[in-house]
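> The sequence shown maps to residues 4 to 218 in my numbering.
A virtual CB, placed ideally from N, CA and C, is assigned to each residue, including glycine.
If you scroll down you'll find the structure; I have some questions about it.
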Amino acid sequence: MISKIYLKGGESISKLDKLPDDVHGIICDYLNLKHEFAAWRIINEEMDTIPDDIKLYACNECRESILSYESLRDFSNEKFLNLLLDNIEEIVEVRKIITLFYKSSKKSSICISVNEYEYIDKIISEGYTIEEKEKYYTNYKVFKLTKKTDMKITPLHMLFALLLCPIRHHICYDYSKMTLDIQFEVFYKTPYIEKLIRFVRKKKILSSNTVKPYI
């Protein structure tokens, strides 16, 4: 199963899967996939501590309505891991970006759901804009936070990325509406421009600056 990481969408090869994890780590490091390997290892090692309700939620495409689930038993550790591996590129990219904007916090926190994926998807496709107001105009600095701007983000990608951070979460059932939701406790932080510059330099991304008149 793990060989899916570097087979890029192909089926895993059983002979490769039998190799020790350390060997897979060396292969992934050589192919510049160390973040993908780290994501797999974290989820795999924590599999027994991840509630079955979260696995059920993921295996049903993060749909809130339980009535839309084909079965409340239609999940397994293997299926959950395959979802991770089949979406590993997007999940890792989302995780890198959300660490700029969210952190786990017990104080002054808000609760977000996987629907936050829409915000992250917009940042990926359009970039993140910071305003710098001068006396007669406003300078808008647009930071492209990924080279993969055509990547489409889904609730499933957001779910795995939040699980990888890690961030405190609650499983919320509403039996009157027959819904299941996962709420994550986060503190929203506005990244400093210096941090964004370090981030894009590390990822070797060119960002564009545009100047618009201040009104």
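For the structure I just gave you, are there three or more beta carbon pairs, one from the segment 153-166 and one from the segment 29-41, closer than 8 Å?
Short answer: they don't touch.
> Check each candidate in D24, G130, T149, Y105 and name the one with the smallest Cα separation from R171.
Numbered from its first residue, the sequence shown carries residue 171 at position 168. Of the candidates D24, G130, T149, Y105, the one whose C-alpha sits nearest the C-alpha of R171 is Y105.
> Is the number of C-beta pairs between the segment 53-72 and the segment 121-139 that are closer than 8 Å three or more?
no
> Return no unless some Cβ of chain B is closer than 8 Å to the Cβ of N118.
Note that chain B does not occur in the displayed structure, where there is just one protein chain.
> Which residues in the same chain have their Cβ closer than 6 Å to the Cβ of N85, if we skip the five residues on either side of it in sequence?
Numbered from 1 along the sequence shown, position 82 holds the residue referred to as residue 85. For N85, where only same-chain residues beyond five positions count, there are no Cβ hits under 6 Å.
> Quick check on DSSP: helix, strand or coil for S108?
Walking along the sequence shown from the start, residue 108 turns up at place 105. It is coil, neither helix nor strand.
> Give the single residue among C31, I115, T149 whose Cα lies nearest to the Cα of V203.
Stepping through the sequence shown from its first residue, residue 203 is reached at position 200. Nearest option by C-alpha distance: T149.
> Taking DSSP as the reference, what is the three-state secondary structure of M31?
Mapped onto the sequence shown, residue 31 falls at position 28. Rather than Met, the amino acid found at residue 31 in this sequence is Cys. Of the three classes helix, strand and coil, the one that applies to C31 here is helix, per DSSP.
> Determine whether the beta carbon atoms of F187 and S108 lie at a separation below 8 Å.
Along the sequence shown, one-based indexing puts residue 187 at 184. Along the sequence shown, one-based indexing puts residue 108 at 105. Their beta carbons are not under 8 Å apart, which means F187 does not touch S108 by this criterion.
> According to DSSP, which residues form a beta bridge with I185?
Position 182 of the sequence shown, counted from the start, is the residue given in the question as residue 185. Among the bridge pairs identified by DSSP, I185 is matched with I174.
> Report the residue ranges of all beta strand (DSSP E) runs contained in full by the segment 75-123; include only those spanning at least 3 residues, in chain order.
105-107, 113-115
> With DSSP as the reference, please indicate the residues paired to I46 in a beta bridge.
In the sequence shown, counting from the first residue as 1, residue 46 sits at position 43. According to DSSP, which records beta bridges pairwise, I46 is partnered with nothing at all.
> Any idea if R201 is buried or exposed, counting beta-carbon neighbours within 10 angstroms, 16 or more meaning buried?
Taking the first residue of the sequence shown as 1, we reach residue 201 at position 198. Classification of R201: exposed, given that the 10 Å Cβ count is below 16.
> Starting from I69, follow the beta strand (DSSP E) in both directions and report where the run begins and ends.
By 1-based counting over the sequence shown, the position of residue 69 is 66. No beta strand (DSSP E) contains I69, which DSSP labels as neither H nor E.
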